[in-house]
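Report on the following structure.
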Amino acid sequence: MADIHARLSRVTRVYAAAAGYRPVHALGPVDLEIRRGEFFSVVGPSGCGKSTLLEVLAGLQPPSDGTVEFEGKKVANEVPEGVGVVFQEDASFPWLTVWDNAAFGLRRAGIDAAEIKRRVGDALSFIGLKDFAQAYPAQLSGGMRQRVCIARTLVLQPRMILLDEPFGALDAQTRLLMGDEVLRLWRRTGATILLITHALDEAAMLSDRVGVMSARPGRFLDLVETKWPKERDSTIVSQASFGEVTARLWHHLRGESMKAMGQSAPAVAGA
Amino acid sequence: MSRLAMSRVATIRLFVLVALVAVLEILIRVDVIPKRTLLPPSEMAESLVLLLISGKANQDIVQTLTCVVAALISSVIVGFGLGVLIHRVPRLRRALEPFFATYYAVPFFIFYPVLIAIFDLSLLPIILMGFAFAVIAMTIATLNGLDRVPRVMAKLARVHHMDGLDTALRMKLPAAAPHLFTGLKLCVAYSFIGVIASEFILAPSGLGHAIAYAYNDFDNRTMYALMLFLLIIVITVNMLLHGWEQRLMRRWTGR
């Protein structure tokens, strides 16, 4: 039986009503088990509650109902030790150099200077930013800034990394290359990765399993096993089975995306 | 803007300033502007040097700068604190915003006699005038700065298990720094205005008082020397702050 790293049981998230509006049922009920060391992606139409799912799992938002567990312990409105989060927005600190950005969490945790130097140097080498250690984020491209945020998470040696559409603002080529970097990171750290993305090809390329969510309130419609080997990279997109995985994802997602856009799903040609 | 382009701009700026001073000097020397009304800039500078060497203005200079620094520091600290507090309580902010919008429409100096009646003719009413003039500028700048702190920073603070004070000092304060800097620059200007104007109206000593005294005494050389001194101090402080801000912005924007 697989080792379960995180578990969501009957989790829902309902946002309280704003003045003049009804409460928003954003998520669930959702049941999900994430295996230790797997690369799990979540895809779904816009506004289906993907980021809400990540924030509930990270302890950044409380579930309205149900329970969230990480390593067997209940997550209670606090980010559990061992969980790192990379956000979609550029969250690098513009007033700090790349080095100081990466060292931020370690300094806060009171790690000694020699260990900080070792871990930060190692992380910056790994993500290819060693030559930019003394640069400020404004001197870097969007992809490099996102890598700074990944380095800041990586140095804390998290056992689970939550990635909330980290490549959403990047161009298609850079996203593919960043995907390769995340795969390298995953293999090297052995961490469990949960990736939220709206890009089917990205989810299909990177993941061991992909969860497909419905339109709001988000629920899992399907969990797709990709069966890729652990040693993989972006060249996998040229394989025939890659097309089969993305087709299966799109099969579920097409109708849900149209629902999210307020349209009914037309019949699929040839169906 | 490149460093070369910036140095060209600075050269043009310096040239314009020197040209204006030269034109003024010539207009006074050829008597287009009567010398009894305005001293030539060269004589103002000469008078200032002599005044500083004589040490006659030292006490006034020390008193005025002490009042300005006291007004500046208190207005920056209190203004920032108020900004942080008001930002945390949106209802309070909605209630206070109309007051902020009309604050600088109030002719502050009508309150100066009241402050003298309460605190006597001491430094405190002068410092309070400088403080009152500057504090809300800092509060408004703090609110603007905190409004522009990206929301992701709050999530990031929670990921790093930071408490409220740590989040304010290590994330919100640096993230809001460009706006706080604007507030600081305004506080410097308003502190000088509040202090000098109060001394000018009624005070036993200080640069404002010395200028008013020289004016009433038809002592043009002292009056223009002190005015030049104040201009040099204010422009130097502002240029230093401007240079600091430019360096900060280059780091933030990469330009």
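So the protein sequences, as listed, match chains A and B. In the numbering used here, each number is its position in the first sequence, counted from 1, plus 2. In the numbering used here, each number is its position in the second sequence, counted from 1, plus 3. Glycine residues also receive a C-beta, built at the ideal position from the N, C-alpha and C atoms.
Relative to A:F42, the option among A:G112, A:L98, A:V184 whose CA is nearest is A:V184. For A:I129, no alpha helix (DSSP H) run applies, since DSSP gives it neither H nor E. Straight-line spacing of the CA atoms in B:S201 and B:A104 works out to 24 Å.
At a cut-off of 8 Å between beta-carbon atoms, B:V92 makes no contact with chain A. Across the structure, A:S94 and A:R186 are spaced so that their CA atoms are roughly 22 Å apart. Chain-ordered listing is empty here: chain B has no CB closer than 7 Å to the CB of A:Y23, the nearest sitting near 18 Å. By the Cβ rule, the region 167-181 of chain B does not count as touching the region 211-222 of chain B, because fewer than three pairs are nearer than 8 Å. If you draw a straight line from the Cα of B:L42 to the Cα of B:T225, it is about 11 Å long.
Here the alpha carbons of A:R234 and A:W188 stand approximately 11 Å from one another.
Per DSSP, reduced to three states, the secondary structure at B:G186 is helical.
In this structure, A:L131 places its C-beta atom within 8 Å of the C-beta atom of A:A153. For A:R110, the chain B residues whose Cβ falls inside 9 Å of its Cβ are H163, H164, M165, D169, R173, in order along the chain.
Pairing A:P231 with A:L225, the inter-Cα distance amounts to about 18 Å. Proximity of B:W247 to chain A, defined by a Cβ-Cβ separation below 8 Å, is not satisfied. Across the structure, B:P93 and B:G86 are spaced so that their CA atoms are roughly 11 Å apart. DSSP places B:I139 within a helical segment (H, G or I) once states are collapsed to three. Annotation for A:D182: D235, S236 place their beta carbon closer than 7 Å to its own, counting only its chain and skipping 5 residues before and after. Cβ-Cβ separation between B:L51 and B:L231: approximately 5 Å, consistent with a contact (criterion under 8 Å). The beta carbons of B:L210 and B:L229 sit closer together than 8 Å.
Annotation for B:M47: the continuous alpha helix (DSSP H) segment containing it runs 44-57. Close to A:E91, with beta-carbon spacing below 7 Å, are these residues of chain B in chain order: P153, V155.
For A:F89, the CB contacts under 8 Å within the same chain, skipping 5 residues up- and downstream, are C151, D166, P168 in chain order. Ranked by Cα distance from B:L20, the first of B:H90, B:L251, B:I238, B:I139 is B:I238. Looking at the DSSP output, A:L197 shares a beta bridge with A:S43, A:L165. Judged by DSSP secondary structure, A:Y17 falls within the beta strand (DSSP E) whose first and last residues are 6-17. When the five nearest sequence neighbours on each side are left out, no beta carbon in the same chain lies closer than 7 Å to the beta carbon of B:Y107. Excluding the 5 residues flanking it on each side, A:A125 has same chain C-beta neighbours closer than 7 Å at A104, A153, L156, V157, in chain order. In the DSSP assignment, A:T69 is bridged to A:S11. At a C-beta separation below 8 Å, B:A180 has these neighbours in chain A: W97.
Between A:R149 and B:A192, the alpha-carbon positions lie close to 42 Å from each other. Note: A:M215 is bridge-paired with A:F222 in the DSSP secondary-structure output. The C-beta of B:R254 comes closer than 8 Å to at least one C-beta of chain A. DSSP places A:P31 inside the beta strand (DSSP E), whose first and last residues are 26-37.
Under the 10 Å beta carbon count, A:V58 is surrounded by 16 or more other beta carbons and is classified as buried.
B:K175 sits in a helix when the DSSP states are folded into three classes.
A straight-line Cα-Cα distance of about 6 Å links A:R147 and A:P139.
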